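Chains S, X and P, in that order, give the protein sequences. For the first sequence, the positions run 194 to 293 when the working numbering is used. For the second sequence, the positions run 20 to 627 when the working numbering is used. For the third sequence, the positions run 92 to 286 when the working numbering is used. Everything below concerns the one structure shown next.
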Amino acid sequence: MTVTTAQHRPYPRPRDYWLIALILGVITAAEVTVTYLDFLDAAVAPMLLVMAAAKFAIVVGWFMHLRFEAPIYRRLFLIGIVAVPILFGAVLFTFGILIG
Amino acid sequence: MTGNRGLWHWLTTTDHKKIGKLYGVTALAFFVVGGVEALLIRLQLATPNGEILSADAYNQMFTMHATTMVFLVVMPAAAALTNYFLPILIGARDVAFPRLNALSYWIFLFGGLFLTLSFFVGGAPDGGWFGYAPLSTQVPEVVRMDYWALGLLVLGLASVLSSVNFITTVLTLRAPGMTLMRMPVFAWMATVVSFLLLFSLPIITIGLLQVYLDRNLGTAFFSAAGGGDPILWQHLFWLFGHPEVYVLVLPAMGIVSEVLPTFSRKPLFGRPFVIFSGIAIGFMGFGVWAHHMFTAGLGPVAEAAFALTTMFIAVPTGVKIFNWLGTIWGGSLRLKTPMLFSLGFIFLFVIGGLSGVTHSIAPADSQQHDTYYVVAHFHYVLFGGAVFGLFSGVYYWWPKVTGKLLNERIGKLHFWLMFIGMNLTFAPMHILGLNGMPRRTYRYAEGLGLDLWNLVATVGSFTIAASVAVFFWNAYRTAKRGEVAGNDPWDGRTLEWSISSPPPEHNFDVVPVVHSEDDFWHRKYTEDASGNAIPLAASAQADPGHPETIHLPSPSYYPVLSAAGIFVMVVGLVYLPWGLSVVGGGAVVTLWGLFGWSMEPLTREDHG
Amino acid sequence: MSAAVHEEHAHDPAHIRKVAMWVFLGSECLLFGTLISTFLLYRTRTGDGPTAAEIFDIPFTSISSFILLMSSLTMVLAHHSTGRKDWRQMRVWLVATALLGMTFLAGQVFEFTGFVEEGLTVTTSPFGSSFFVLTSFHGTHVAVGVLMLLVTALMSYTGRWRPDAGMDVELVGLYWHFVDIVWIVIFTVVYLLGV
Numbered sequence: 194m195t196v197t198t199a200q201h202r203p204y205p206r207p208r209d210y211w212l213i214a215l216i217l218g219v220i221t222a223a224e225v226t227v228t229y230l231d232f233l234d235a236a237v238a239p240m241l242l243v244m245a246a247a248k249f250a251i252v253v254g255w256f257m258h259l260r261f262e263a264p265i266y267r268r269l270f271l272i273g274i275v276a277v278p279i280l281f282g283a284v285l286f287t288f289g290i291l292i293g
Numbered sequence: 020m021t022g023n024r025g026l027w028h029w030l031t032t033t034d035h036k037k038i039g040k041l042y043g044v045t046a047l048a049f050f051v052v053g054g055v056e057a058l059l060i061r062l063q064l065a066t067p068n069g070e071i072l073s074a075d076a077y078n079q080m081f082t083m084h085a086t087t088m089v090f091l092v093v094m095p096a097a098a099a100l101t102n103y104f105l106p107i108l109i110g111a112r113d114v115a116f117p118r119l120n121a122l123s124y125w126i127f128l129f130g131g132l133f134l135t136l137s138f139f140v141g142g143a144p145d146g147g148w149f150g151y152a153p154l155s156t157q158v159p160e161v162v163r164m165d166y167w168a169l170g171l172l173v174l175g176l177a178s179v180l181s182s183v184n185f186i187t188t189v190l191t192l193r194a195p196g197m198t199l200m201r202m203p204v205f206a207w208m209a210t211v212v213s214f215l216l217l218f219s220l221p222i223i224t225i226g227l228l229q230v231y232l233d234r235n236l237g238t239a240f241f242s243a244a245g246g247g248d249p250i251l252w253q254h255l256f257w258l259f260g261h262p263e264v265y266v267l268v269l270p271a272m273g274i275v276s277e278v279l280p281t282f283s284r285k286p287l288f289g290r291p292f293v294i295f296s297g298i299a300i301g302f303m304g305f306g307v308w309a310h311h312m313f314t315a316g317l318g319p320v321a322e323a324a325f326a327l328t329t330m331f332i333a334v335p336t337g338v339k340i341f342n343w344l345g346t347i348w349g350g351s352l353r354l355k356t357p358m359l360f361s362l363g364f365i366f367l368f369v370i371g372g373l374s375g376v377t378h379s380i381a382p383a384d385s386q387q388h389d390t391y392y393v394v395a396h397f398h399y400v401l402f403g404g405a406v407f408g409l410f411s412g413v414y415y416w417w418p419k420v421t422g423k424l425l426n427e428r429i430g431k432l433h434f435w436l437m438f439i440g441m442n443l444t445f446a447p448m449h450i451l452g453l454n455g456m457p458r459r460t461y462r463y464a465e466g467l468g469l470d471l472w473n474l475v476a477t478v479g480s481f482t483i484a485a486s487v488a489v490f491f492w493n494a495y496r497t498a499k500r501g502e503v504a505g506n507d508p509w510d511g512r513t514l515e516w517s518i519s520s521p522p523p524e525h526n527f528d529v530v531p532v533v534h535s536e537d538d539f540w541h542r543k544y545t546e547d548a549s550g551n552a553i554p555l556a557a558s559a560q561a562d563p564g565h566p567e568t569i570h571l572p573s574p575s576y577y578p579v580l581s582a583a584g585i586f587v588m589v590v591g592l593v594y595l596p597w598g599l600s601v602v603g604g605g606a607v608v609t610l611w612g613l614f615g616w617s618m619e620p621l622t623r624e625d626h627g
Numbered sequence: 092m093s094a095a096v097h098e099e100h101a102h103d104p105a106h107i108r109k110v111a112m113w114v115f116l117g118s119e120c121l122l123f124g125t126l127i128s129t130f131l132l133y134r135t136r137t138g139d140g141p142t143a144a145e146i147f148d149i150p151f152t153s154i155s156s157f158i159l160l161m162s163s164l165t166m167v168l169a170h171h172s173t174g175r176k177d178w179r180q181m182r183v184w185l186v187a188t189a190l191l192g193m194t195f196l197a198g199q200v201f202e203f204t205g206f207v208e209e210g211l212t213v214t215t216s217p218f219g220s221s222f223f224v225l226t227s228f229h230g231t232h233v234a235v236g237v238l239m240l241l242v243t244a245l246m247s248y249t250g251r252w253r254p255d256a257g258m259d260v261e262l263v264g265l266y267w268h269f270v271d272i273v274w275i276v277i278f279t280v281v282y283l284l285g286v
């Protein structure tokens, strides 16, 4: 961590990172479990998407430090992340495929 | 110590101004190549049942004319001006990553050479610049479309790397006091273009990869027989292809936004609106792509949606036009050559924009699609628009780059010949198209009513060629005995006119502190009660700025080496499986280049 | 972006390189987005070949996904070590990350050879084509990441190590985490939602 890079909130400590990894592991286990629970039926897809999104956000926010650093990094990344579902949602829609 | 001349100096330069010159010269060379391809097309079509080109040769001509003009002329010409002037306009000494900048150029050059190579080894790409599948994915034994797919992949890489560089430069290296809103409009448009490329090129990268795999590995991405869908290619191509046309025209719009105020002696009217319109065009440019697919069977919902978004995108463009007119209105106009080209841009781009709006009406487009009406539309916006805008920039900035002014009389001759030639060539195509002349067919029969206007168009194309010859004559003559320009020949408004012509290698002796938009203008002039410009005394113009020791990035041969490795790799990829060893060799060279680069400090003489 | 924030970061090389990395990652989102969307379009087009439900081994892939996820932990711990200038710790965590990455790749190779034996290849069907191209593209990114991790660890032994080493590790880390989050999406969308 360089002295010159300004921080906007204090970074997590190692034990926080271990805790986050544990949480990620738990969510992954939940995802896999949900796949095998047939009674959930059509609710499986949205649940999985939410869990994947949570893992995604946790890694991006904490491991990649986006929560703790200059807003410009967040904004640059968000453009890409937001563009994908919009653009490809439209493409897949024209093929008659509704996602999620 | 390396000298200032010689091949090695140019091969290893990391100076954004030299790299800009490299792009410029290369773009001009390819302009001639693409122009010759166009002239051959026009010769073939001058008369019915023409016999100048065979059908096969014709296919190569129209494919390469478009590919050359889009990827090897207009984009690099904009890159030339952006490379040279973006750092200076924002008060910086260079871009964020000078060696990466050099890499982009060399990858581009090798990409262009790679595409050109195809002519000499069995034929150039012949499936259209848009490479529609399955035409582009069949006949893998003929490698032309492999050259196309791999060539575009290489060129795309160069552009993405440039985009990362320019965006980072704009976000981090602006001079003190230069807020984003005080940045010149050309710098803003270059930034929007970089974002457009950043997000559109990855999409076509995957598409091109899929084309290559369909051709060489037998995958089924676009093969209906294999269960794939050719329409997917169209989506992927146009998701890139439409933002690409704004990539082509926004730099020209940026130039016009600099030239008009300078030659009207008035600030840009509605400057924030011009900037926000550029951003809006960037965003909305991603929302209209399927208007290229109105005849592909998307269905009424999709077609209606894209018709609407296409109509809407005319709005920010219109905002710009009105602001440009507002700039000229009441201004003290000097009709020098740069100004003529910018005024020509407005006139011609509006015509092209209007035909574009007619395309947005999906049912009308069904008749226009694949006819010469479309050819008319895009040449008005790309030639009348982008090319005229770029020439405006060339005449405007030539004195800054070379220290000499291009001759005015010859410049005006160039302008009028090009203007007349352009209209002679492309105006009749509206008529030809609505009368049913289809695109991409190498000849037409007699008695269809197409003869006269095709002949007129051919005459027009040779007029354009003559105008280009006039330009080269002007450039040559200026090099021999041109008028010395001085720092500020146009009484300019932006920072580049505050330094010498040509600029010193470090750009600014002292990094300027910026207090407003058009900062340089405000250092020269203040305004009286009625808004007239009053020159300030010289002492009032001096600004202490920020003195500091100047470290310039050292030259490096790793960029050109890495790019050469990439060239070798793609040649190998065309000729699989025996080419695999060539790919390996190329990869070694590239990795050596990248590794050496990572070990090399940016500035050789490093004092703390 | 406010003028104040700009001034505090202006010309700071660490910030400049981080901006460039995030710009690049924004672009990579589109790259993988395109591949994933192609897969979504083609996932039911299995022709005569096996379907997702028939061929995927969810327990196996879950384990390799977990391994990749944990490599993000070791990565961020490596970066944290640079903050304390504990180069030895940093090397340990960098190598650990690389090893986890290589384990993941080994798992991929094992999985793919299994699929090929069971009749799913890159040319079998659009499902096969899009699956293999997507996962191979991701795998190549992982391999490049492993290479960068090992090179960074090695470079820390030589005299070439620069004072801003923390930034190099941070940049490699950002890339590595990105590759991990792409897999988070792929694991859910391709594997879990496929069966």
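Virtual Cβ for every residue (Gly too), placed ideally from N, Cα, C. Since the structure is predicted, the reported quantities are computational estimates derived from the model, not experimental observations.
Whole-Å CB distance - residue i paired with residue j, under 8 Å assumed
i, j, result
"X/L180", "X/I109", "Actually they do not touch by this definition, with Cβ atoms about 20 Å apart."
"P/P217", "X/G247", "5 Å"
"X/G372", "X/T336", "6 Å"
"X/T210", "X/V189", "5 Å"
"X/H84", "X/I107", "Wrong, their Cβ atoms sit about 34 Å apart, outside the cutoff."
"X/T609", "X/S581", "5 Å"
"P/D271", "P/S163", "5 Å"
"X/N342", "X/L287", "7 Å"
Neighbouring residues, chain X, relative to residue i (Cβ below 8 Å)
i, result
"S/G273", "F218"
Short Cβ contact (7 Å threshold) for residue i with residue j
i, j, result
"P/L185", "P/L245", "no"
"X/V533", "X/M197", "yes"
"X/G430", "X/T356", "yes"
"X/V475", "X/P447", "yes"
"X/Y461", "X/Y77", "yes"
Sheet register partners of residue i (DSSP bridge)
i, result
"X/E546", "X/A552"
"X/E10", "There is no way to answer for residue 10 of chain X, as the model of chain X reaches only from 20 to 627."
"X/P457", "X/T390"
Chain S residues whose Cβ lies nearer than 9 Å to that of residue i
i, result
"X/F305", "A276, I279, L280"
"X/L192", "Per Cβ cutoff of 9 Å: no residues; X/L192 is ~14 Å from chain S at best."
Chain P contact residues for residue i, given Cβ-Cβ distances below 9 Å
i, result
"S/V253", "H268, F269, I272"
"X/V179", "F115, S118"
"X/P221", "S118, E119, C120, L121, L122, F123, G124, T125"
Proximal residues of chain P, C-beta to C-beta of residue i below 8 Å
i, result
"S/L285", "S128, L131, L132"
"X/F116", "A111"
"X/L251", "T129, L132"
Contact list for residue i against chain X, beta-carbon separation under 9 Å
i, result
"P/F233", "In the sequence as displayed, the identity of residue 233 of chain P is Val instead of Phe. Correct list: empty, because the minimum Cβ distance to chain X is about 17 Å."
7 Å Cβ cut-off: residues of chain S touching residue i
i, result
"P/V286", "T228"
"X/A381", "In chain order: nothing, as chain S lies at least about 14 Å away."
Residue i: contacting residues in chain P (beta-carbon distance under 7 Å)
i, result
"S/F270", "W113, L116, G117"
Under 8 Å by beta carbon: chain S residues contacting residue i
i, result
"X/H254", "V284, T287"
Inset, instruction - Determine contact between the region 431 to 444 of chain X and the region 36 to 51 of chain X, defined as no fewer than three beta-carbon pairs at a distance below 8 Å. - result: no
Legend entry - Segment contact, 8 Å Cβ cut-off, at least three pairs: the region 271 to 284 of chain X with the region 201 to 212 of chain X: yes
Inset, instruction - Spell out a yes or no on whether the region 485 to 502 of chain X and the region 416 to 428 of chain X are touching, meaning 3 or more CB-CB pairs, one atom from each, closer than 8 Å. - result: yes
Inset, instruction - Could you tell me whether the region 161 to 168 of chain X touches the region 578 to 594 of chain X, where touching means 3 or more Cβ pairs closer than 8 Å? - result: yes
Inset, instruction - Examine the Cβ distances between the region 356 to 367 of chain X and the region 410 to 417 of chain X and report whether three or more of them are shorter than 8 Å. - result: yes
Legend entry - Segment contact, 8 Å Cβ cut-off, at least three pairs: the region 115 to 133 of chain P with the region 219 to 231 of chain X: yes
Legend entry - Sufficient close CB pairs (3 or more, under 8 Å) joining the region 600 to 608 of chain X to the region 139 to 156 of chain X: no
Legend entry - contact_flag[the region 247 to 256 of chain X, the region 377 to 391 of chain X] where n(CB pairs < 8 Å) is 3 or more: no
Legend entry - Touching by the beta-carbon criterion (3+ pairs, under 8 Å), the region 226 to 240 of chain P and the region 272 to 285 of chain P: yes
Inset, instruction - Determine, using beta-carbon pairs with one atom in the region 289 to 301 of chain X and one in the region 258 to 270 of chain X, whether at least three such pairs fall under 8 Å. - result: yes
Legend entry - Touching by the beta-carbon criterion (3+ pairs, under 8 Å), the region 201 to 215 of chain S and the region 138 to 155 of chain P: no
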